[in-house]
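Colleague: In this note's numbering, the protein residues as written are 2 to 765.
Built from N, CA and C at the ideal position, the CB exists for glycine as well.
Note that the structure is predicted; figures quoted are calculated from it, not measured.
The structure's right below; bear with me while I get my questions together.
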Amino acid sequence: MTRPSLIALTVASLLAPPAKAQDQDFFGAAVAFDGSDVLVVKPAAARGPAAVLVYRANGGTWARVAELRAPNALRRGQALSQHIAAAGGMVLVGAGDPNGQFGAHMFSRANNEWSSGTDLAVGSAPEGAVTVTLATVMRVLAPAQRAVALHGDHALIGYQRQVFLYHRAGSAWQPVLLALPEGPSLGASVALGAGVGAVGQPQSGAGRVMTIEGTTAWRVTDSLMPADLAARARFGHALQLDGTTLAVGAPGMGMVVVYERRDGRFVETARLQHEGAADFGTAIALRGAAMLVSAPRSAVVVRYHRRDGAWVAQQTLTAPEGATTGGFGASLALGDPGAAIGAPFAHGGRGRVYVYAQGAAEPVELAPPGTPPVQTGEEVSCADGEAGGFRCSNVDMQAFLTIEALGGRPGERVSDIWGWSDPATGREYALVGRTSAMVMVDVTDATSPRVVGEMPANPSGARDIKVYRNHAFLTGDGAGQHGLMVFDLTRLRGVTGAPVTFAPDTVYRGIASAHNLAIDTVHAVAIPVSVSGGGETCGGGLHLVDISNPRAPTFAGCYTDTEGLIAPGRTHDVQCVRYHGPDQAHQGRNICFASNETALRIVDVTDRANPAPLSAGRYPGAAYIHQGWLTDDHRFFYLNDELDELVGTTERTRTMIWDVSDLDDPVMVGTYLGPDGATDHNLFIKGNRMYQANYQAGFRVIDISDPVAPREVGFFDTTPYDGNPGGFYGAWTAYPFFPSGNVIVSSMQEGLFVLRPRPERLVP
2 MTRPSLIALT VASLLAPPAK AQDQDFFGAA VAFDGSDVLV VKPAAARGPA AVLVYRANGG
62 TWARVAELRA PNALRRGQAL SQHIAAAGGM VLVGAGDPNG QFGAHMFSRA NNEWSSGTDL
122 AVGSAPEGAV TVTLATVMRV LAPAQRAVAL HGDHALIGYQ RQVFLYHRAG SAWQPVLLAL
182 PEGPSLGASV ALGAGVGAVG QPQSGAGRVM TIEGTTAWRV TDSLMPADLA ARARFGHALQ
242 LDGTTLAVGA PGMGMVVVYE RRDGRFVETA RLQHEGAADF GTAIALRGAA MLVSAPRSAV
302 VVRYHRRDGA WVAQQTLTAP EGATTGGFGA SLALGDPGAA IGAPFAHGGR GRVYVYAQGA
362 AEPVELAPPG TPPVQTGEEV SCADGEAGGF RCSNVDMQAF LTIEALGGRP GERVSDIWGW
422 SDPATGREYA LVGRTSAMVM VDVTDATSPR VVGEMPANPS GARDIKVYRN HAFLTGDGAG
482 QHGLMVFDLT RLRGVTGAPV TFAPDTVYRG IASAHNLAID TVHAVAIPVS VSGGGETCGG
542 GLHLVDISNP RAPTFAGCYT DTEGLIAPGR THDVQCVRYH GPDQAHQGRN ICFASNETAL
602 RIVDVTDRAN PAPLSAGRYP GAAYIHQGWL TDDHRFFYLN DELDELVGTT ERTRTMIWDV
662 SDLDDPVMVG TYLGPDGATD HNLFIKGNRM YQANYQAGFR VIDISDPVAP REVGFFDTTP
722 YDGNPGGFYG AWTAYPFFPS GNVIVSSMQE GLFVLRPRPE RLVP
């Protein structure tokens, strides 16, 4: 599925991540202090569940002392919003529940220990059957943001053009009536004080801020909107309220407007700007006589002090190395220990937080949990359910190469993978799709893989690679004028020394970008699908390319379907074969099995100029029909659905089993349910084994000796973090077709695994 950033999390509409940053944890998207603790939001689940990580100073260093998660984080892979509020031993963090049931999660501290508290609801969970629509899909891909504020016994949540107010009575939080006119971006920012609050609406014209007040009943008291605001001022983008002072960011004008509350009204008293910082006012922290204001695009934070009623700039903090383009200042906090500044896009989206202690000249850098180190040199056997820090069963680890070891820079990840066995030398190579290249790795010596070279390409977070007649074919999704790149793999023979940078042998320009690629090696046809950005898109369906001469590909035809969810006719993935299954009427024909988002479409493309659809298969609870593979005898087709776990049409990873012995009438004859709720991605079949790459559940080996009663006989979890929730991080593809029996697996944020399923342990 085309996702510019998989789960699309941005700290603010004004502050977009650096181009092509894919390694998304966004640690530091929001920060807060509570007492001596600094709380850091890691809103995404790239390396472990979304969480609030709690750090505490100990002898001049900061140690992580707690990890606060939403109750269902390990089951649903839920994200968190980039908003947090903390006060008096309580923390409120905005929820990222795609179904809109919860507005925020509450955590509390007692005896210096943190624990989960109340979830504050702002919507209703779906009941009964779930109808999957494009809107449902978009909610899953881009969870809604909730702005939050907390003061005493009141909590304020801004969500989907509405604002919700709560009051605590004992241990229970009860909703309080608050009537506000709905509108675009209402509640994008909120602030709360003693009996008074503020609600931002930064994209309503130039922007405005509504002030509210009350005790048991609350009402709107004013609408702040300076008359001289520019049309795109985004006044109200950031709000901070402390005592009688209200600071409002207008980053579209590079300004902060300061108000004081006098006689029940907020009166403007100051305007703050910083020369050369056009986005000044993106984030604000306010505490007594101290204020921080950031301009993340300029990578500066200005510290102010109030003296004799005037705000005076005392210090300009600039981004440390590695954070200059990382959104330094996207989040800010002031507390007893000093100042905390978030840079969620630093280090390719992994994120950093910089804590400036009172009086200290240099900050302490806080980093999120990292990737395990490279492991090579010897096999690591799976023993007692573990191999080299990774959970496993009946699968040993030959080697692991991180993205950095594959030549990746910060922000890059890996996606699809394929293999090539050199017929002349017998050497085996992994072909790895990295964000900005295809990487060639010699894995013949499985415990000592060697990067041989790479072929640079337009950056893309989703690649596909296939091989025909010793040539690799490479696509890139959302990659501009990428084309179908072709590389002669025999050029790898004899390469020694440092990795070589290769150019493609040719590029087929009949397409621009494509999400996936299939090759029918019998009929010499390459089939890019989900083509976009130019060329002949075939409506997102099958674009047929004659590759009988791999160095001179030519357009051969189109098939555009009527099925699709993201777009009508859009094929997500496809397998095309010379059919030799039990259906006598179609034997020997060029048949494609297309995963078309809303249906399994079977198409005869023997006549490339006039492809003929044969049938379509559908099933209850379909969310996004993603990819599948035929059994060796072409009787069964195993199909995965990428979104059913996330939208709630199944509780566990689900694989659909289709009897395709009659191509004109495919019948679903069963399902296989995995052990948890991880999202499934790609699967392949070799003999009586199905090899699945199921994102955060990693690599799974399924015995299909009984085709309608599969059972898991081995696994290797490539994401060494707690749980296997749904979501789009982890194992992308497992390639099982090497003669050696080794399996290579690409894991998006981790890198390349060379694994060895042990047949003697996998006996049914």
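Distance, Cα to Cα, proline 457 vs alanine 239?
Modeller: 41 Å
Colleague: Assign alanine 610 to one of two classes, buried (16 or more other C-beta atoms within 10 Å of its C-beta) or exposed (fewer than that).
Modeller: exposed
Colleague: So, does the stretch 396-405 touch the stretch 743-763, judging by three or more C-beta pairs under 8 Å?
Modeller: yes
Colleague: Take histidine 635 and list the residues in its own chain whose beta-carbon comes closer than 8 Å to its own, dropping the five residues that flank it on each side.
Modeller: Val578, Tyr580, His581, Gly582, Pro583, Val661
Colleague: Taking 8 Å as the threshold, find out whether the stretch 562-576 comes into contact with the stretch 596-607 through three or more Cβ pairs.
Modeller: Segments in contact, yes.
Colleague: Three or more C-beta pairs closer than 8 Å, one from the stretch 299-317 and one from the stretch 273-280: is that the case here?
Modeller: yes
Colleague: Inspect the CB distances between the stretch 331-340 and the stretch 290-305 and report whether three or more fall short of 8 Å.
Modeller: yes
Colleague: With a threshold of 16 other CB atoms inside 10 Å of the CB of asparagine 517, please say whether the residue is buried or exposed.
Modeller: A buried status is given to asparagine 517, since no fewer than 16 other beta-carbon atoms sit within 10 Å of its beta-carbon.
Colleague: Would you kindly work out how many angstroms separate the C-alpha atoms of valine 249 and glycine 282, rounded to a whole number?
Modeller: 8 Å
Colleague: Considering alanine 347, what are the terminal residues of the alpha helix (DSSP H) in which it resides?
Modeller: 347-350
Colleague: Taking DSSP as the reference, what is the three-state secondary structure of alanine 384?
Modeller: strand
Colleague: Starting from leucine 647, follow the alpha helix (DSSP H) in both directions and report where the run begins and ends.
Modeller: 645-648
Colleague: Taking C-beta to C-beta, are alanine 541 and alanine 568 nearer than 9 Å?
Modeller: Note that residue 541 is glycine in the sequence shown here, rather than alanine. For glycine 541 and alanine 568, yes; Cβs fall inside 9 Å.
Colleague: Which stretch, first to last residue, makes up the beta strand (DSSP E) that contains alanine 1?
Modeller: With the chain running from 2 to 765 in the structure shown, residue 1 is simply not present.
Colleague: Do you know how far the Cα of threonine 476 is from the Cα of valine 221?
Modeller: 54 Å
Colleague: From the DSSP secondary-structure annotation, give me the bridge partner or partners of tryptophan 174.
Modeller: Answer by DSSP bridge pairing, in chain order: Arg169.
Colleague: What do you get for glycine 378, buried or exposed, if any count of 16 or more other CB atoms within 10 angstroms of its CB means buried?
Modeller: Burial check for glycine 378: the Cβ neighbour count within 10 Å stays below 16, so the residue is exposed.
Colleague: Are three or more beta carbon pairs between the stretch 344-363 and the stretch 376-394 nearer than 8 Å?
Modeller: no
Colleague: In the DSSP output, which residue or residues are listed as bridge partners for histidine 306?
Modeller: DSSP lists Ala291, Val313 as partners of histidine 306.
Colleague: Looking only at its chain, what residues have a beta carbon closer than 6 Å to the beta carbon of isoleucine 213, apart from the 5 residues adjacent to it on each side?
Modeller: Gly198, Trp219, Val221
Colleague: When you compare only the Cα positions, how much space is there between threonine 491 and valine 433?
Modeller: 17 Å
Colleague: Straight-line CA distance for proline 373 to phenylalanine 391?
Modeller: 9 Å
Colleague: Of the residues Ala88, Asn641, Pro72, Val648, which one's Cα is nearest the Cα of serine 37?
Modeller: When the alpha-carbon of serine 37 is set against those of Ala88, Asn641, Pro72, Val648, the nearest one is in Ala88.
Colleague: Do leucine 54 and valine 92 have their C-beta atoms closer together than 9 Å?
Modeller: no
Colleague: List the residues that DSSP assigns as beta-bridge partners of phenylalanine 794.
Modeller: Here the chain covers residues 2 to 765 and nothing more, so residue 794 does not appear.
Colleague: So is leucine 674 buried or exposed if we call it buried at 16+ other beta carbons inside 10 Å?
Modeller: exposed
Colleague: Please confirm whether valine 702 and valine 444 have their CB atoms less than 9 Å apart.
Modeller: No.
Colleague: Taking DSSP as the reference, what is the three-state secondary structure of alanine 248?
Modeller: strand
Colleague: Ignore the nearest five residues each way along the sequence and tell me which others in leucine 318's own chain have a CB closer than 6 Å to its CB.
Modeller: A distance below 6 Å between beta-carbons, with the five flanking residues on each side excluded, links leucine 318 to the following residues of its chain, in chain order: Val302.
Colleague: Look at the alpha carbon of glycine 678 and the alpha carbon of glycine 724, and state the distance between them as a whole number of angstroms.
Modeller: 9 Å
Colleague: Taking the alpha carbon of phenylalanine 716 as the reference point, which residue from Asp154, Glu387, Ala192 has its own alpha carbon closest?
Modeller: Relative to phenylalanine 716, the option among Asp154, Glu387, Ala192 whose CA is nearest is Glu387.
Colleague: Provide the residue span of the beta strand (DSSP E) that contains glycine 671, from first to last.
Modeller: 668-674
Colleague: Which runs of the beta strand (DSSP E) fall wholly inside the stretch 553-596 and span at least 3 residues, in chain order?
Modeller: 555-560, 574-579, 591-596
Colleague: Under a Cβ-count criterion, where at least 16 other Cβ atoms within 10 Å of its own Cβ denotes burial, should serine 172 be classed as buried or exposed?
Modeller: exposed
Colleague: For the ligand SAM, I want to know if leucine 81 counts as a neighbour, meaning its beta carbon is within less than 8 Å of at least one of the ligand's heavy atoms.
Modeller: As for the ligand SAM, it is missing from this structure, which has no ligand bound.
Colleague: What is the DSSP secondary structure of leucine 402, counted as helix, strand or coil?
Modeller: strand
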